[in-house]
Every structure is written in C-alpha cells, then in structure tokens.
C-alpha cells in the first residue's frame, strides 16, 4: 500500500464516523417546549407523570414547566410568546375568541374532565344536604373562573340562588382563599386538593360534597396553544399529545400510592399521605381524563356552565377553537 492510500483510508474512516455522529446528534436533539400551568396542583397529576416517567423525553421533547398563577396571567404569557403551551381552563380560550383574536387559542389536549373543587364545611356533617347553605356565608372562587362558574352552576341545580340565599364572598385572590377560611372567614369554602385533605388533617372541617361530581363532565383543564404555533409545529404538538396520552393511561392503571410517588418531586413540601389522599379522591370521582380528546357533550356542558354565569356572549362551536386531530392520533397509537 502506497503512502497516499495509507493516508486516505484513515481519513475516509474518520469522515464516515464524524458523519454518523453528526447525524445522530441532529436526530436526537430534543425540541424544547415551554409549558405554563395555571397553578401547581395534584389536580394535574398526569402532567407530572408525563414529566417524571420521561414520556416527554421519550417523544424527543424537552419540557420546561413553569407555574403562572392566574388564568389571565397564563393566557397573557401564551399570547405574548413567553410560553408555547398553556395548561389552563378552557374558558380562557373562549374569552380570547370572544375578543376577536386574529390568532385564536386552540384547545388540543384535555387533561381533566371534572371540576376539581370540593365543598368544605367548617364542621363535619354526615347528614349534609345543599339546603344547609341557605343563610350561610360561602367563600367562593374568583368571578369568571371555572371553579366559580362550576360552583354557581351546581348551586343553581340545587335550587340555591347565590345572590339571595346566602352571603357569597368572591373577592379574595385564589392564593389567599384557603388562608381566609383558616382565619375564620366563611361557614363553607370551595377548595382544591391537596388543601382539602390538609384541612381535614388539621381538623378545620370536612369535605361534604364535590362540585366536580355535581357539575358533570366538561373540558375543565386543557393544553392549548396559539393557532400560529400549532400550524408551524404540528409534529411537536403531536409528540406532546402522545406523551400526555401515555401519562393518562399510566394514571388510570396505577394506584394512588404509585401515582403519589411519581408526582411527589413536584410537591416537596406536602406529605406523601396527603398526596395519596388527594389523588385517591380525584380518581374515585373520575376527574382525570383517560384520553386527551375533547368530547362534544363536554364542550356543550362547558358552554352551559359559562352561559349560566353570564360569561358567554354567544355559544362558540367546538370546531372554532378545538382541534382533536392530535388527541385522536395519540389515542389510536396507544390502543
């Protein structure tokens, strides 16, 4: 072998190796997706499962999660491009649509299918009935948000006029509602988990009813993005939805204890038993959606809830701001 061949052969091998490595690097480069959740809650357990069980990573995504308290602030972050995907109540997308947005917000993957709040009484009441709220002071949620609207919808179904039959307090920020009740405000309060379980442990009262059960199925919390983002990043949205579907199946098939262990890293200051209690309560009432598809009946129930609250200018057809194509493909791939 001459000198030229001796030099060219190693160079060729080196070039081939570098080409393979470069190709591997480009294929394995994770796509970053910035997620903004409206609050940190056991209510969103499947989202944390998708993170802790590496379902996003398996899809080639680098999910960056941040909590942005308040639906209005979360939506502002989405519209401004500070985040790519928002996990927030689907009513927020309707508010944006009602304002005539040029780039509407599209719901593409449902996470929860019931309201996540419970009616918490200052005293345990084994014989509770809804008429007991009449004449009481009820510490409710912020006006225009899904918890408040689902609460008002439930009260109406139970024959209670919130404006006449009780003293309704709803001018306290979401983050301060539990503290206000703990300080003595109200006879009843509308609480999410894990706060309800924590308050029961602290003997501040007891859960006596579920607004989630009473208000029925609806697309309560949904992953959504701007239409422009979805149009440009359809493959990423599909992979994102695939990860959520896998997490939903995982949650369905595992015990509250196993789910609690999977999501505990996202609740560092909460006792494991409290997380277990919270997850168990949500699983028992079928709160977590088993697939990301937004059902038409659920959408219409959402519109009924919003209409009852006086927050709906006109009924928004599902096709206008819901895209189930990603969810349907994700569901089919899991099956």
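In mature numbering (1 follows the signal peptide of the UniProt record, and there is no 0), the protein residues as written are -22 to -1, 1 to 313.
The beta-carbon is built from N, C-alpha and C at its ideal position, and this holds for glycine as well.
Within 8 Å, strictly: CB atoms of residue i and residue j
i           : j           : result
residue 254 : residue 235 : yes
residue 45  : residue 190 : no
residue 290 : residue 199 : no
residue 269 : residue 205 : no
residue 86  : residue 166 : no
residue 287 : residue 130 : yes
residue 214 : residue 305 : no
residue 117 : residue 147 : yes
residue 84  : residue 301 : yes
residue 38  : residue 307 : no
residue 312 : residue 266 : no
residue 182 : residue 252 : no
residue 69  : residue 284 : yes
residue 259 : residue 171 : yes
residue 28  : residue 222 : yes
residue 276 : residue 195 : yes
residue 281 : residue 197 : no
residue 184 : residue 256 : no
residue 126 : residue 155 : no
residue 309 : residue 271 : yes
residue 49  : residue 67  : yes
residue 150 : residue 140 : no
Residue environment, residue i, which counts as buried when at least 16 other CB atoms sit within 10 Å
i           : result
residue 161 : exposed
residue 93  : buried
residue 153 : exposed
residue 17  : buried
residue 1   : Confidence at residue 1 is low in this model, with a pLDDT of 43, below 50, so the placement of that residue is unreliable and no value is reported for it.
residue 238 : buried
residue 299 : buried
residue 145 : exposed
residue 40  : exposed
residue 91  : buried
residue 262 : exposed
residue 243 : exposed
residue 123 : buried
residue 224 : buried
residue 361 : Not covered by the structure: residue 361. The range shown for the chain is -22 to 313.
residue 7   : exposed
residue 19  : buried
residue 71  : buried
residue 102 : exposed
residue 25  : buried
residue 128 : buried
residue 240 : buried
residue 104 : exposed
Distance cut-off 7 Å: residue i Cβ against heavy atoms of the ligand MG
i           : result
residue 128 : Among the components of this structure there are no ligands whatsoever, and the ligand MG is therefore not found.
Segment limits, beta strand (DSSP E) that includes residue i
i           : result
residue 274 : No beta strand (DSSP E) contains residue 274, which is instead part of the alpha helix (DSSP H) from 274 to 286.
residue 306 : It is not in any beta strand (DSSP E) - residue 306 instead sits in the alpha helix (DSSP H) that spans 303 to 312.
residue 145 : 145 to 147
Enclosing alpha helix (DSSP H) for residue i [first to last residue]
i           : result
residue 298 : 296 to 299
residue 167 : That residue, residue 167, is in no alpha helix (DSSP H); its beta strand (DSSP E) goes 166 to 170.
residue 16  : Looking at the DSSP string, residue 16 is not in any alpha helix (DSSP H), and its letter there is neither H nor E.
residue 315 : Only positions -22 to 313 of the chain appear in the structure, and residue 315 is not among them; the question remains open.
residue 237 : 234 to 241
residue 270 : First-last for residue 270: undefined, no H or E at that position.
residue 151 : Where residue 151 is concerned, there is no enclosing alpha helix (DSSP H), given that its DSSP letter is neither H nor E.
residue 245 : Here residue 245 belongs to no alpha helix (DSSP H), and DSSP marks it neither H nor E.
residue 30  : 23 to 30
residue 35  : 33 to 36
CB contact check: residue i to chain C, cutoff 8 Å
i           : result
residue 294 : Among the protein chains of the structure shown there is no chain C, as only one such chain exists.
- Uninterrupted beta strand (DSSP E) stretches inside the stretch 177 to 206 (no shorter than 3 residues): 184 to 188, 199 to 204
- Query: Should the stretch 151 to 170 be regarded as contacting the stretch 133 to 141, the criterion being three or more beta carbon pairs within less than 8 Å?
  - Reply: no
- Touch check for the stretch 104 to 113 and the stretch 291 to 304: three-plus C-beta pairs under 8 Å? no
- Using 8 Å as the Cβ pair cut-off and three pairs as the minimum, do the stretch 8 to 23 and the stretch 59 to 73 touch? yes
- Message: Quick check on the DSSP output: what are the complete alpha helix (DSSP H) runs of length 4 or more inside the stretch 39 to 124, in order along the chain?
- Response: 49 to 58, 69 to 76
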